[in-house]
Amino acid sequence: MIHNTLRHNKNDKGFSLVEAMVGMTLGLLTVLVVMQTFSVFEFQKQTTTAGSDAQENGLMAMVQLEQDIRGAGAGLINNNVMSCTTVNSYYNGTIPAPGMPTSGGFAPVSITDGGANASDTVTISTGGADSLGAIPANITVTMPPTSAEFNLSSTLGFNIGQLILLMQGGNCTVMQVTQVQSSALKIQHNSGSSAPYNPSTPPSTWPAYTTGATVSNFGSYTIHTYSIDANYNLQLYDSSTGTTVPQMTDIVRMDAQYGISSAVGVQPVSSWVDATSTFASPLSTDNIKRIKAIKLVIVARSSKKEIGNVTTSAPTWYDVSTGTTTSINVSYLPNWQQYRYKVYTTVIPLRNVIWANV
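Each residue of the sequence shown is one higher than the one before, counting from 941 in my numbering.
So, in structure tokens, the structure goes:
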């Protein structure tokens, strides 16, 4: 009987099916671990980046507002300008001119209270660099409302295109210079396209100004209004351009308070008040003079919406002046607990008001 012996070639090598499946399983597990690690890292990176963006936006918003508020009232601060009880103004067919007060005088900073479920609005007024150091003049001949020319004790510091403020007995009127006659000591304020603040026919309610009325140089009067828009951007309205431009994103809350003195002419801040009740806009002339500082709170939100709730309680800020911690209402924001927040606060002195000793 012949027996055939099956011999294996030593060169025949490889993986069995079981070995191949074990290898694939180990490979898949390795890929799963790597992807899980990458996913956790990427999630953490996005959270960190979003938090960093919120921090930068909050800081930049605070710095911009602080710089603007510190210069509030430049060129406007004197007892005459701040004592207007009625303000008359015109601009391109509109009465009053946009941003101009109608009563209470020119406040360096005014706050519009937004209530519990909205941000406050902060408006800052300045007179422009061309009005700094200008000496007020006096009217030497009675000027009826229809007159386009008035005689002054001096025309020094007045230039074509500048805004001026006539003041007498609490009545104030804003006009724009169109001609300066230095030798004759006269200024004209004719109407026209180059002088949009001068009406062709002044309203009958505008007062006449008699001998002794004061004329102050406003220069290029500018209003900056900061507010939070519907998309939670800090936006700035600039009266010099007539435009509103977003400044920083993800600013969800802005609250402000007045730091007031105990009386007119007293400089130290004695208390902090909201822009409500007697300090609601428009401000009285006495209350304008009592405002010496602004307390500002800004809340920035991260742009990343987390999967679950990461903020379980309302953001807070610490009030150094009272030693208390105050909660900030953000519960009206959609899905507010799924975002992270940064809170910034500062106190800004109104140095032009303090230095003027009003």
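C-beta: ideal position from N, C-alpha, C; glycine also.
Practice problem: Return the first residue and the last residue of the alpha helix (DSSP H) that VAL1293 is part of. | Solution: 1291-1296
Quiz prompt | Straight-line gap, ASP1053 to ASP1259 (C-alpha atoms, nearest Å) | solution = 19 Å
Exercise. Alpha carbon to alpha carbon, how far is PRO1147 from VAL1027? Give it in angstroms, no decimals.
Key: 10 Å
Quiz item: Leaving out five residues before and five after SER1059 in sequence, what residues of the same chain have Cβ atoms less than 6 Å from its Cβ?
Solution: ILE1168, ARG1193, MET1194
Exercise. Counting only the same chain and skipping the five closest in sequence on each side, list residues whose C-beta sits under 6 Å from that of GLY1039.
Key: ILE1163, SER1179
Quiz item: With a cut-off of 8 Å, do at least 3 Cβ pairs link the stretch 1102-1117 to the stretch 996-1004?
Solution: no
Quiz item: CA-CA distance, ALA994 and ARG1280?
Solution: 9 Å
Exercise. Excluding the 5 residues preceding and the 5 following LYS1245 in the sequence, name in chain order all residues of the same chain whose CB lies nearer than 8 Å to its CB.
Key: ASN1275, GLN1278, TYR1279
Self-check item: Helix, strand or coil at THR1225 according to DSSP, with G and I counted as helix
Solution: helix
Quiz item: Who are the near neighbours of VAL1250 in its chain, counting only those whose CB is closer than 8 Å to its CB and skipping five residues on each side?
Solution: GLN1277, GLN1278, TYR1279, ARG1280
Quiz prompt | Helix, strand or coil at GLY1159 [DSSP, three-state] | solution = strand
Quiz item: Taking only beta-carbon atoms, is ILE1009 less than 9 Å away from chain C?
Solution: Looking for chain C here will not work: only one protein chain is present.
Quiz item: Under the rule that 16 or more other beta-carbon atoms within 10 Å means buried, what is ILE1191, buried or exposed?
Solution: buried
Practice problem: Provide the residue span of the beta strand (DSSP E) that contains TRP1257, from first to last. | Solution: 1256-1259
Quiz item: What does SER1267 pair with, by DSSP beta-bridge criteria?
Solution: THR1256
Quiz prompt | Close beta carbons around THR1145, own chain, < 8 Å, minus the five adjacent residues each side | solution = ASN1028
Exercise. Report yes if the C-beta distance between THR1066 and TYR1161 is below 9 Å; otherwise report no.
Key: yes
Practice problem: Check whether the Cβ atoms of ALA1235 and THR1285 lie closer than 9 Å to each other. | Solution: The displayed chain sequence assigns Lys, not Ala, to residue 1235. Cβ atoms of LYS1235 and THR1285: closer than 9 Å.
Exercise. Give the single residue among GLY1033, CYS1024, THR1256 whose Cα lies nearest to the Cα of SER1140.
Key: GLY1033
Quiz item: Which one of LEU1016, GLN1116, ALA1153, GLN1119 has the shortest CA to CA distance from ALA1047?
Solution: LEU1016
Practice problem: Can you check the stretch 1026-1065 for any beta strand (DSSP E) of at least 3 residues that lies completely inside it and give the ranges in chain order? | Solution: 1026-1028, 1049-1052
Quiz item: Do you know offhand how far VAL1293's Cα is from PRO1143's?
Solution: 33 Å
Practice problem: State the DSSP-derived secondary structure class of GLN1102, mapped to helix, strand or coil. | Solution: coil
Practice problem: Would you please state the rounded distance, in angstroms, between the beta carbons of PRO911 and ILE1268? I believe it to be under 8 Å. | Solution: With the chain represented from 941 up to 1298, any question about residue 911 goes unanswered, as that position is not in the structure.
Quiz item: What are the residues that DSSP puts in a beta bridge with ASN1078?
Solution: THR1154
Quiz item: Tell me, which residues are paired with ALA1240 by DSSP?
Solution: ILE1191, LYS1282
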